[in-house]
């Protein structure tokens with residue numbers, strides 16, 4: 001986006017749960033990936049993922065826990081009402097992909113909210129109330145989730161869809177096509 005200073009970008013994070021049936025208490029991330037993709041595919045994915053993270057100066061780790069992320073989606077929605085959605089997403093990504101923290105853990109979510117400048121007690125209130133922002137998140141999942149085939153999923157200019165992690169060059173090409 002920095003290569004296109006003439007363009008005003010608007011980023012909207014939309015909820016999508018890869019495993020809505022996943023247990024709230026969480027489970028070993030690597031075991032889940034082995035079950036979902038198979039050990040051979042996970043081994044093939046690791047160098048690519050590690051390199052993609054290295055390219056942006058972040059350590060990638062497959063360790064830690066994964067599970068039901070609905071509470072984190074509700075917290076992300078709430079953060080958007082406070083103008084802090086991007087910052088919270090960045091922090092949760094770091095927690096999950098680099099620091100081996102479980103983003104279904106209320107304490108981790110509260111700490112992440114506080115770290116980006118949100119009120120920890122308010123965040124705790126959102127997390128502890130299963131109704132808080134649940135309808136809004138469900139509505140967005142219905143509205144935007146139908147065309148999603150993988151995450152991350154990017155909709156550019158309301159039309160172009162990119163699925164999965166992409167190198168910066170792919171975005172540059174799509175942005176240039178949209179601008180032409």
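Numbering (full-length UniProt numbering), first residue to last: 1 to 180. For each residue, glycine too, the CB sits at the ideal point set by N, CA and C. Owing to the predicted nature of the structure, the values given are computational and were not obtained by experimental measurement.
(message) Suppose the cutoff is 7 Å on Cβ atoms and the five residues either side in sequence are ignored; what does the same chain contact list for residue 151 look like?
(response) 16, 18
(request) Starting from residue 76, follow the beta strand (DSSP E) in both directions and report where the run begins and ends. (result) Unbroken run through residue 76 is the alpha helix (DSSP H), 70-81; no beta strand (DSSP E).
(message) Quick test of your reading: residue 66 and residue 27, contact by CB under 8 Å. State the CB separation rounded to the nearest angstrom.
(response) 7 Å
(message) I need the straight-line Cα distance from residue 112 to residue 123, nearest angstrom please.
(response) 9 Å
(request) Identify, in the order they occur along the chain, each residue of the same chain with its Cβ nearer than 7 Å to the Cβ of residue 1, setting aside the five sequence neighbours on each side. (result) 9
(message) Buried or exposed for residue 31, going by 16 or more other Cβ atoms inside 10 Å?
(response) exposed
(request) Buried or exposed for residue 95, please, with buried defined as at least 16 other CB atoms from any protein chain shown within 10 angstroms of its CB. (result) buried
(request) Would you give the residue range spanned by the alpha helix (DSSP H) that residue 97 belongs to? (result) 85-97
(request) Please name the residue, chosen from 77, 86, 101, 169, that lies closest to residue 138 on a Cα-to-Cα basis. (result) 77
(message) Assuming contact is defined by CB atoms lying nearer than 9 Å, are residue 126 and residue 92 in contact in what I supplied?
(response) no
(request) Compare the C-alpha of residue 62 against each of 24, 50, 69 and name the closest. (result) 50
(request) Could you spell out where the beta strand (DSSP E) holding residue 155 opens and where it closes? (result) 153-156
(message) Closer than 8 Å to a non-hydrogen atom of the ligand HEM - does that hold for the CB of residue 6?
(response) The ligand HEM is not among the ligands present in this structure, which contains no ligands whatsoever.
(message) So, for residue 22: in the same chain, excluding its five sequence neighbours on each side, which residues have a beta-carbon less than 6 Å away from its beta-carbon?
(response) 67, 68
(message) Quick check: what's the CA-CA separation for residue 58 versus residue 129?
(response) 33 Å
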